[in-house]
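For the sequence shown, this note's numbering begins at 106 and goes up steadily by one. Backbone N, C-alpha and C define an ideal beta-carbon position, used for all residues, glycine too. These numbers come from a predicted model, not from an experiment. Contents: one structure, followed by commentary.
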Amino acid sequence: MTASGFSEGRRLQLARGVLLQCIMGGYPAARFYGSDDGDLVLNAEPNQIHRLPWSEPPRALAICDADELDGSSSGLSTRALLKRVLARYAEHGWQPVVATELEFFVFAANPDPQQPFQPPVGLDGRREDGGSAFSVSSGNGLRPFFTEVYRCMEALGLPRDTFMHEMGVSQFEINLLHGDALQLADQTFLFKHLLKEVGFKHGLSVVCMAKPLAHTPGSSMHIHQSVVEQGTGRNIFSNELGEATPAFYHFIGGQQAALADFTLLFAPHVNSYQRLCHPYASPNNACWSADNRAAGLRIPASAPVARRVENRLPGADANPYLALAASLAAGLHGLERELQPSTPIQGEFEVPEELALPCTMHAAIERLKRSELAIELFGAEFIEGYIASKTLELTSFYDEITPWERRVLAAQA
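Here is the structure:
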């Protein structure tokens, strides 16, 4: 839209079916988004209108709510789903406080998808080789790229907490500062868009796939969650003595009760399960533990005021609005039903069957299909439409034969 049209308040509309468009293009049957495929109205969030600092000529981006023509929120909008979950917290006088940790890879340009990704050539003329986790010098070859990333983050008002080289080759992580859940979802979305755009300027491919390289750790989007009282800001997970409250355990119980049903909401693509099937630091379980990275629900070491639950299931490929909505809805389910969690685990452990999660996309689709809880929390319109889109994506994946099948099976089968 032109700047003048936007500033004049000209209405921008969008076909409802676009909210269920598949990742490779195409749509499920029209009955999933209204057989007429009528329009939605895009209403810009006043605090999320940004001039894009990397763009020449100048452009702006506005994060919008997708609303029905009568002004109500669309049931297919993931941002609306998150707002609905937050409104339910507000009915109790609570407000979630969250932070996201986004991992990503920075690769050389990859014009041929038949070829594996490669690290970029650094300022020293070489490609990174080997692990450089937490190295103070590992990012030197990418300093021009990261310098612009930081500059653009500041221009967009994206406060970063910490930045580090992660375990994979040319893999990095930036933690966004904790705060309001809707704001963090907007910031995570903007940050992922920023990474891609700045990468293009520098001839780089920034990849937020869950598992872009074999034999290498995948990329997560861990979600840190606590709940505070509105007005006072008191963390309801800790009492006056600094001890964990019943609410803390109820929140964990709700997460455990819902994670298996909601796996497809946290792991939305075929590649997501490459990460979960190799679960080093990417646990595919609903166990909980104090400071154990093998548990799907980790309780980081912290002061009582910062007591929180880290959901380690979502991948970097997850929709931040949907992942936050699903995780917070699960916790609220536990708070409202006063659910009790399992016994915490420590050290090496075997995952109990009842706490194991789907480890293929097909299994996750089938689990979500059977979930009455998902329908209750997110509505049949969204869940049925989402399943229809994801089923088409899985079918498209199975329409191709992989090099592994030709290399290994052709000689033996």
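CA-CA distance, A518 to E510, rounds to 10 Å. The three-state secondary structure of F277, taken from DSSP, is strand. For R156, the enclosing beta strand (DSSP E) stretches over residues 144-156. Between A204 and L289 a beta carbon distance of about 7 Å is seen, short of the 8 Å cut, so the two are scored as contacting. Contact check for L437 against T183 fails: the beta carbons are separated by 8 Å or more.
By the CB criterion at 8 Å, E173 and E278 fall outside the cutoff. Burial of C392 is indicated by the presence of at least 16 other C-beta atoms within 10 angstroms of its C-beta. The alpha-carbon separation between T267 and E441 amounts to approximately 34 Å.
Taking C-alpha positions only, A461 is separated from F454 by approximately 12 Å. Taking 8 Å as the cut-off, the beta carbon of Q223 is found no closer than this to the beta carbon of R231. Listed in chain order, the non-local C-beta contacts of L228 below 6 Å within the same chain comprise G246, local neighbours out to five positions each way being set aside.
Counting only runs of 3 or more residues that sit fully inside the stretch 159-197, the beta strand (DSSP E) segments are 165-172, in chain order.
Shortest Cα-Cα distance from L125 to any of F111, G114, D142 involves D142. In summary, T500 is exposed, with fewer than 16 beta-carbon neighbours lying within 10 Å of its beta-carbon over all protein chains present. Rounded to whole angstroms, the gap between the alpha carbons of S140 and Y491 is 16 Å. In the three-state reduction of the DSSP assignment, I470 falls in the helix class.
Apart from the 5 residues on each side of it in sequence, I470 sits with its Cβ closer than 8 Å to the Cβ of L369, I492, K495, T496, L499 in its chain, given in chain order. Put simply, the stretch 252-262 touches the stretch 153-165. At least three CB pairs are less than 8 Å apart.
Residue burial is scored here from C-beta neighbours: S324 has at least 16 other C-beta atoms within 10 angstroms and is therefore classed as buried.
R472 and L418 have their C-alpha atoms some 16 Å from each other.
Remark: three or more beta-carbon pairs, one from each stretch, lie closer than 8 Å, so the stretch 340-358 and the stretch 406-415 are flagged as touching. Here N376 is not near A468, since their CB atoms are 8 Å or more apart. Per DSSP, the beta-bridge partners of V332 are P201. Following the DSSP letters along the chain, one finds M269 inside the beta strand (DSSP E) bounded by residues 265-270. The C-beta of M466 has 16 or more other C-beta atoms within 10 Å across all chains shown, which makes the residue buried. Residue pairing by DSSP places W509 opposite no residue, since no beta bridge is assigned to it. Considering only F250, Q361, Q330, Q276, the residue with the shortest C-alpha distance to G308 is F250. Around F353, the same chain offers F342 as residues with beta carbons nearer than 6 Å, after the five sequence neighbours per side are excluded. For Q118, the uninterrupted beta strand (DSSP E) segment begins and ends at 117-120. If one requires a minimum length of 3 residues, the beta strand (DSSP E) runs lying completely within the stretch 378-441 are 393-395, 402-404, 414-416, in chain order. Between I450 and N416, the beta carbon gap of about 16 Å keeps them out of contact (Cβ cut-off 8 Å). Assignment of G308 by DSSP, reduced to helix, strand and coil, places it in the coil class. The shortest C-alpha to C-alpha distance from A195 to any of G336, G180, L166, P322 is the one to G336.
For V123, the secondary structure class from DSSP, reduced to helix, strand or coil, is helix.
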